[in-house]
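Protein chains in written order, with my numbering: chain A, 367 to 480; chain B, 365 to 538.
Have a look at this one:
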């Protein structure tokens, strides 16, 4: 009889939808705060502007053009181009631009309660 | 707890760097996407190829001195090494009216031969012409009607009405 009771009292099979969300990592929470406050948008605009000013964007476009010419312009995928740009792109961001953005991000992180 | 000014190793700085990399990646994808579009649409190369062609043709023109572009185009040689007169001169027979016609004058000929007759006609007047002709000729079938059993397969040398009937009958036959 006890066994039957046990089966009645058994907790229900967890519904996938009802599963409790895993806790967000701190990074994820930061990201959410950035987006919610609108700061991410502003930072994006700022970075875009700075990268255009310093010619970074043109450099990257030149890389893409060269790659497309070599590979044949109809054989190129967005993924290809991302892989072409990313290493050089990361390395060639001017220090001043990077510093400016990091400063703003850090200020934001200080100002926001987490 | 590390000081706020502790270089890049403090957690806050790490988070900041991660945010920065995030932003940069979005922008990279933007640029890649735009370049992909330019590459696939051929927008970029068009400019380059056009410039090259302009330069080459300018060179060719310079090599052959004097004269306007118009007369020069007759002397210019194409990729097979042939030269062509400005106005096409071959002669053939119009498939509509059967008359011999010069290639360079074919388009204006067709305008008259198929469309206008002596004066410009609208489609309404054409069908009334056909109705009239149907009675006068007796046979509702034209030489070009695809579903007909017409034994008369000769072209009617009278260009105007035959052309018009042809045009309309192909539309009107079920």
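Note that CB positions come from ideal geometry on N, CA and C, so glycine has one too.
Q: Flag residue 424 of chain A as yes when its Cβ comes closer than 7 Å to any non-hydrogen atom of the ligand NAP, and as no otherwise.
A: The model on display carries no ligand, and the ligand NAP is accordingly not part of it.
Q.
Below 8 Å on the Cβ atoms is my contact criterion, and I expect residue 400 of chain A with residue 383 of chain B to pass it. Report the Cβ-Cβ distance as a whole number of Å.
A. 7 Å
(Q) Determine, for residue 390 of chain B, whether the minimum Cβ-Cβ distance to residues of chain A falls below 8 Å. (A) yes
Q: Give the range of the beta strand (DSSP E) segment to which residue 444 of chain B is assigned.
A: Residue 444 of chain B -> no beta strand (DSSP E), and no H or E assigned at all.
Q: Can you say whether residue 516 of chain B is buried or exposed, counting buried as having 16 or more other CB atoms within 10 angstroms of its CB?
A: With a pLDDT of 48 at residue 516 of chain B, under the threshold of 50, the modelled position of this residue cannot be trusted, and the question is left open.
Q. Can you give the Cα-Cα distance for residue 474 of chain A and residue 376 of chain A, rounded to whole angstroms?
A. 48 Å
Q: From the DSSP output, in three-state form, read off residue 457 of chain B for me.
A: strand
Q. Can you tell me whether residue 542 of chain B is buried or exposed, with buried defined as 16 or more other CB within 10 angstroms of its CB?
A. One cannot answer for residue 542 of chain B here, as it falls past the ends of chain B, which runs 365 to 538.
Q) CB residue 417 of chain A to CB residue 450 of chain A, shorter than 8 Å? A) no
Q) Short check: CB of residue 447 of chain A to CB of residue 409 of chain A, under 8 Å? A) With contacts defined by Cβ atoms closer than 8 Å, residue 447 of chain A and residue 409 of chain A do not form a contacting pair.
Q: Output, in chain order, the set of chain B residues within a Cβ distance shorter than 7 Å of residue 452 of chain A.
A: 392
Q) Can you find a CB in chain B that lies within less than 8 Å of the CB of residue 464 of chain A? A) yes
Q. Among B:451, B:477, B:393, which has the Cα closest to the Cα of residue 457 of chain B?
A. B:477
Q) Given residue 425 of chain A, which residues of its chain have a CB within under 7 Å of its CB, disregarding the five upstream and five downstream residues? A) 458
(Q) So if I threshold CB-CB distances at 8 Å, which residues from the stretch 398–432 of chain A count as touching chain B? (A) Residues passing the 8 Å Cβ filter: 400, 406, 409, 410, 413, 414, 417, 423, 426, 427, 430, 431.
Q: Report all residues from its chain with a CB closer than 6 Å to the CB of residue 469 of chain B; omit the five preceding and five following residues, and keep chain order.
A: Spatial neighbours of residue 469 of chain B in its own chain (CB-CB distance under 6 Å, excluding positions within 5 residues in sequence) are not present.
Q.
Cβ closer than 9 Å: which chain B residues qualify as neighbours of residue 434 of chain A?
A. Taking a Cβ-Cβ cut-off of 9 Å, the neighbours of residue 434 of chain A in chain B comprise 399, 400, 402, 403, 404, 408, 409, given in sequence order.
(Q) Beta-carbon within less than 7 Å of residue 406 of chain A's beta-carbon, same chain only, minus the 5 sequence neighbours each way: which residues are those? (A) Shown here for residue 406 of chain A: same chain residues with a beta carbon closer than 7 Å to its own, the five before and five after excluded, namely 400 in chain order.
Q.
Could you check whether residue 404 of chain B and residue 439 of chain A sit closer than 8 Å to each other, using their CB atoms as the reference points?
A. yes
Q: Just the chain B side, please: which residues come within less than 8 Å of residue 478 of chain A by C-beta, in chain order?
A: None at all; the shortest Cβ gap to chain B is about 11 Å.
(Q) Once DSSP output is grouped into helix, strand and coil, what is the label at residue 443 of chain A? (A) coil
(Q) Is there a Cβ of chain B sitting closer than 8 Å to that of residue 375 of chain A, yes or no? (A) no
Q. For residue 465 of chain B, which three-state DSSP category applies?
A. strand
Q) Among B:467, B:443, B:375, B:442, which has the Cα closest to the Cα of residue 451 of chain B? A) B:467
(Q) For residue 413 of chain A, which residues in the same chain have their Cβ closer than 8 Å to its Cβ, ignoring the five residues on either side in sequence? (A) 463, 467
Q) If the cut is a Cβ gap below 8 Å, which residues of chain E does residue 381 of chain B touch? A) In the displayed structure, chain E is absent; the protein chains listed are A and B.
Q. When DSSP labels each residue in this structure, what does residue 326 of chain B get in the three-state scheme?
A. In this structure chain B extends from 365 to 538, so residue 326 of chain B is not present and cannot be described.
Q.
Taking the alpha-carbon of residue 420 of chain A as reference, which of A:394, A:455, A:469, A:441 has the nearest alpha-carbon?
A. A:455
Q.
I want to verify the contact list: residues of chain A whose CB lies under 8 Å from the CB of residue 441 of chain B, in sequence order.
A. Chain A residues near residue 441 of chain B: none, gap ~30 Å exceeds 8 Å.
Q) From this set, A:378, A:404, A:472, A:411, which residue's C-alpha is nearest residue 388 of chain B's C-alpha? A) A:411
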